[in-house]
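J.: Structure below; questions to follow.
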DNA sequence: GTCTATACGACGATAGAC
DNA sequence: GTCTATCGTCGTATAGAC
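Residue numbers (the working numbering), protein chains in the order written: chain A, 64 to 272; chain B, 64 to 272.
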């Protein structure tokens with residue numbers, strides 16, 4: 064079933080249509096509260112076809128998560144040991160703000176999954192994500208050890224960057240309501256990135272690049 | 064029905080038991096994915112009794128939200144115009160980290176509600192919360208105008224404090240998995256508060272109090 | 001007030017016609 | 001591959017015995 068994704072034309076048009084519809088719907092209410100019927104409706108096909116392409120709901124959800132993780136991993140910005148920390152962290156913050164803007168549904172789907180206990184994501188968190196944090200922490204620690212930045216806990220710094228950037232995607236409703244806006248604009252996103260980069264970098268004893 | 068809450072004894076023991084059970088369960092999966100049956104099970108009573116005390120699911124959920132908001136408002140730390148900004152913001156950050164620890168379920172219930180579009184919270188966001196942010200922003204702006212701190216957008220500073228502190232409650236699963244811990248300890252919470260206070264205050268050009 | 005029993009719709013999933 | 005029809009289960013909600 065998975066291999067079909069290679070073929071864009073023909074029999075797999077529905078497969079991709081369903082996957083897109085499922086991402087959209089699962090991101091709204093999470094796994095349990097989302098029905099196969101609304102996914103089928105959004106995809107514009109009978110409910111039975113969804114079961115034909117994806118054996119069951121659980122399976123469809125897993126495919127959706129895998130699809131998101133691929134996009135996520137491809138966008139995860141890499142920082143290097145020999146880089147200037149200000150440049151690297153600034154780029155990391157800006158990349159994540161952009162990702163929250165361009166892939167807000169994916170971010171909310173992840174947030175839903177984690178808030179609800181991450182039952183379908185346990186292994187990914189334990190394996191890939193933990194290792195990713197470990198690698199980046201080591202680099203940040205090396206910057207601290209060489210006196211390039213303040214001694215701050217690298218793991219919590221990563222959490223700070225994650226939480227403050229994701230907030231604008233996951234809590235979009237709250238943010239827009241309080242700002243009294245209907246939707247984000249590209250300028251606002253740049254302003255958010257500027258603000259977060261400025262405060263976090265200075266907070267770590269770094270000068271804006 | 065609401066007035067009953069005043070009476071702790073007698074007929075209203077079940078009312079409060081159900082409310083507690085509902086807070087717990089709704090915070091796990093959100094409104095739609097939570098069934099009246101699991102709430103009744105957690106409260107240790109027949110499902111029909113839940114419908115007797117709270118007319119329907121919608122009504123029960125509203126009562127739960129109101130209950131949370133009361134606790135929330137009571138804990139919302141006030142900052143004053145004539146205070147030292149470092150002292151005020153430090154206290155605000157520490158209060159919110161503590162709140163995320165002591166009222167993690169309430170935080171997650173709010174997070175769920177907002178991620179899912181805040182259908183039941185619309186008025187609260189528009190009225191009370193927007194006004195709260197406006198008031199605090201004005202105070203922060205006055206600190207900026209008198210040169211006590213760097214010129215940063217006050218609203219985004221509030222968002223930064225909210226997001227970075229809530230993260231430890233809402234994304235508890237992810238945080239604990241990556242830290243390879245089973246649960247939070249009081250020391251960790253203090254460490255988190257120290258870290259966030261240090262970085263955010265310095266990021267705003269303030270010295271730790 | 002407390003419980004059992006049940007109505008009735010929505011759910012995931014499948015059988016089987018085309 | 002695509003659809004309609006339908007199964008069994010679970011959802012919210014209520015009726016009615018005690």
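Heads up, the beta-carbon is just placed ideally off N, CA and C, and yes, glycines get one too.
Give a yes or no on contact between the segment 189–204 of chain A and the segment 198–205 of chain B, applying the rule of three or more CB pairs nearer than 8 Å.
T.: At 8 Å Cβ cutoff, the stretches do not touch.
J.: Residue 257(A): which of 242(B), 214(B), 240(B), 258(B) sits nearest, CA to CA?
T.: The residue you call residue 257(A) lines up with position 194 of the first chain. Nearest C-alpha to residue 257(A): 214(B).
J.: Quick check: the segment 101–118 of chain B against the segment 133–144 of chain B, are at least 3 beta-carbon pairs closer than 8 Å?
T.: No: the two stretches stay apart, fewer than three of their Cβ pairs being nearer than 8 Å.
J.: Using a Cβ-Cβ distance cut-off of 9 Å, determine whether residue 261(B) contacts chain A.
T.: Along the second chain, one-based indexing puts residue 261(B) at 198. Yes, because at least one Cβ of chain A sits closer than 9 Å to the Cβ of residue 261(B).
J.: Taking a cut of 8 Å between CB atoms, which residues from the segment 168–185 of chain B lie near chain A?
T.: The segment 168–185 of chain B vs chain A, Cβ under 8 Å: 171, 174, 175, 177, 178, 179, 180, 181, 185.
J.: Is the segment 250–269 of chain B close to the segment 172–186 of chain B, with three or more CB pairs under 8 Å?
T.: No, the segment 250–269 of chain B does not touch the segment 172–186 of chain B.
J.: In its own chain, which residues sit with a C-beta less than 8 Å from the C-beta of residue 265(B), not counting the 5 before and 5 after it?
T.: Locating residue 265(B) in the second chain gives position 202, where the first residue counts as 1. Excluding positions up to five away in sequence, the list reads 271.
J.: Residue 146(B): which of 212(B), 120(B), 238(B) sits nearest, CA to CA?
T.: For the purposes of this step, residue 146(B) is taken as residue 83 along the second chain, with counting starting at 1. The shortest C-alpha separation from residue 146(B) is found at 212(B).
J.: DSSP three-state label for residue 190(A), please.
T.: Position 127 of the first chain holds residue 190(A). Looking at residue 190(A) - three-state DSSP - the assignment turns out to be helix.
J.: Looking at the unbroken alpha helix (DSSP H) that takes in residue 263(B), where does it start and where does it end?
T.: By one-based count along the second chain, residue 263(B) stands at place 200. First-last of the alpha helix (DSSP H) with residue 263(B): 249–266.
J.: Rounded to whole angstroms, what is the Cα-Cα separation between residue 163(A) and residue 228(A)?
T.: Here the question's residue 163(A) lines up with position 100 in the first chain. Here the question's residue 228(A) lines up with position 165 in the first chain. Each residue's alpha carbon lies about 7 Å from the other.
J.: With 16 as the cutoff for other CB atoms within 10 Å, does residue 141(B) come out buried or exposed?
T.: In the second chain, counting from the first residue as 1, residue 141(B) sits at position 78. That one is exposed.
J.: In the segment 231–255 of chain B, which residues sit with their C-beta less than 9 Å from some C-beta in chain A, listed in chain order?
T.: Residues passing the 9 Å Cβ filter: 231, 233, 234, 235, 236, 237, 238, 240, 241, 242, 243, 254, 255.
J.: By the three-class DSSP mapping on this structure, what secondary structure does residue 98(A) have?
T.: The residue given as residue 98(A) occupies position 35 in the first chain. Note: residue 98(A) maps to coil in three-state DSSP.
J.: Within the 9 Å Cβ cut-off, does residue 215(B) reach chain A?
T.: Here residue 215(B) refers to the residue found at position 152 of the second chain. Residue 215(B) counts as touching chain A.
J.: So, at 8 Å on beta carbons, what are the nonlocal neighbours of residue 77(A) in its own chain, with the 5 sequence-adjacent residues on each side left out?
T.: Position 14 of the first chain, counted from the start, is the residue given in the question as residue 77(A). Counting only Cβ-Cβ distances below 8 Å, and skipping sequence neighbours, we find 106, 108, 112, 116.
J.: Do you know how far the Cα of residue 118(B) is from the Cα of residue 64(B)?
T.: As a position in the second chain, residue 64(B) is number 1, starting the count at 1. As a position in the second chain, residue 118(B) is number 55, starting the count at 1. Residue placement at residue 64(B) is poorly supported in this model, since its pLDDT is 38, which falls under 50; the coordinates are not used for a value here.
J.: Which residues in the same chain as residue 167(B) place their Cβ atom closer than 7 Å to its Cβ, once the five residues preceding and following it in sequence are excluded?
T.: Translated into positions along the second chain, residue 167(B) becomes position 104. Counting only Cβ-Cβ distances below 7 Å, and skipping sequence neighbours, we find 232, 235.
J.: Compute the beta-carbon to beta-carbon distance between residue 204(A) and residue 217(A), rounded to the nearest angstrom, for a pair I have assumed lies under 8 Å.
T.: On the first chain, position 141 is the one that residue 204(A) refers to. On the first chain, position 154 is the one that residue 217(A) refers to. Sure, about 5 Å apart at Cβ, within 8 Å.
J.: Could you tell me the alpha carbon to alpha carbon distance between residue 158(A) and residue 138(A), rounded to whole angstroms?
T.: Counting from one through the first chain, the residue named residue 158(A) turns up at place 95. Counting from one through the first chain, the residue named residue 138(A) turns up at place 75. Approximately 8 Å, taken between the alpha carbons.
J.: For the alpha helix (DSSP H) containing residue 142(A), name the first residue and the last one.
T.: In the first chain, the residue the question calls residue 142(A) occupies position 79. Counting along the chain, residue 142(A) falls outside any alpha helix (DSSP H), and DSSP gives it neither H nor E.
J.: Taking the alpha carbon of residue 81(B) as the reference point, which residue from 126(B), 96(B), 91(B) has its own alpha carbon closest?
T.: For this step, residue 81(B) is matched to residue 18 along the second chain. The candidate whose alpha carbon is nearest that of residue 81(B) is 126(B).
J.: Report yes or no: is there a C-beta of chain B within less than 9 Å of the C-beta of residue 193(A)?
T.: Here the question's residue 193(A) lines up with position 130 in the first chain. Judged by the 9 Å Cβ criterion, residue 193(A) is in contact with chain B.
J.: Using CA coordinates, which residue listed in 225(A), 219(A), 143(A) is at the minimum distance from residue 206(A)?
T.: Here the question's residue 206(A) lines up with position 143 in the first chain. Of the candidates 225(A), 219(A), 143(A), the one whose C-alpha sits nearest the C-alpha of residue 206(A) is 143(A).
J.: In the DSSP assignment, the alpha helix (DSSP H) including residue 92(B) goes from what residue to what residue?
T.: In the second chain, counting from the first residue as 1, residue 92(B) sits at position 29. Unbroken alpha helix (DSSP H) run through residue 92(B): 76–92.
J.: Against chain A, does residue 163(B) count as a neighbour if the rule is that its beta carbon must be under 9 Å from one of theirs?
T.: Sequence index remark: in the second chain, residue 163(B) carries index 100 (1-based). Not one chain A Cβ lies under 9 Å of residue 163(B).
J.: What in chain A is Cβ-close to residue 92(B), meaning under 8 Å?
T.: In the second chain, the residue the question calls residue 92(B) occupies position 29. Within 8 Å Cβ-Cβ: 93, 95, 96, 179.
J.: For a test of the three-state rule: what should DSSP assign to residue 120(A), helix, strand or coil?
T.: For this step, residue 120(A) is matched to residue 57 along the first chain. If DSSP states are grouped into helix, strand and coil, residue 120(A) belongs with the helices.
J.: Mind checking if residue 166(A) is an interface residue toward chain B, Cβ cutoff 9 Å exclusive?
T.: Here residue 166(A) is taken as the residue at index 103 of the first chain, counted from 1. Chain B contact via Cβ: absent.
J.: Given that a residue counts as buried once 16 or more other Cβ atoms are within 10 Å of its Cβ, and exposed if not, what is residue 18(A)?
T.: Outside the shown range of chain A (64 to 272) lies residue 18(A), about which nothing can therefore be said.
J.: DSSP state of residue 110(B), grouped into three classes?
T.: Position 47 of the second chain, counting from 1, holds the residue named residue 110(B). DSSP places residue 110(B) in helix when its eight states are reduced to three.
J.: What in chain A is Cβ-close to residue 189(B), meaning under 7 Å?
T.: By 1-based counting over the second chain, the position of residue 189(B) is 126. Result: 240.
J.: Nearest chain B C-beta to residue 268(A) closer than 9 Å, yes or no?
T.: Within the first chain, residue 268(A) is the residue found at index 205, counting from 1. Yes, residue 268(A) counts as interfacial toward chain B.
J.: In chain B, which residues lie with their C-beta within 7 Å of the C-beta of residue 258(A)?
T.: As a working note, residue 258(A) is residue 195 in the first chain. What residue 258(A) touches in chain B: 215, 216, 219.
J.: Based on Cα-Cα distance, which residue from 89(B), 240(B), 267(B) lies nearest to residue 185(A)?
T.: As a working mapping, residue 185(A) is identified with position 122 in the first chain. With distances taken between Cα atoms, residue 185(A) lies closest to 240(B).
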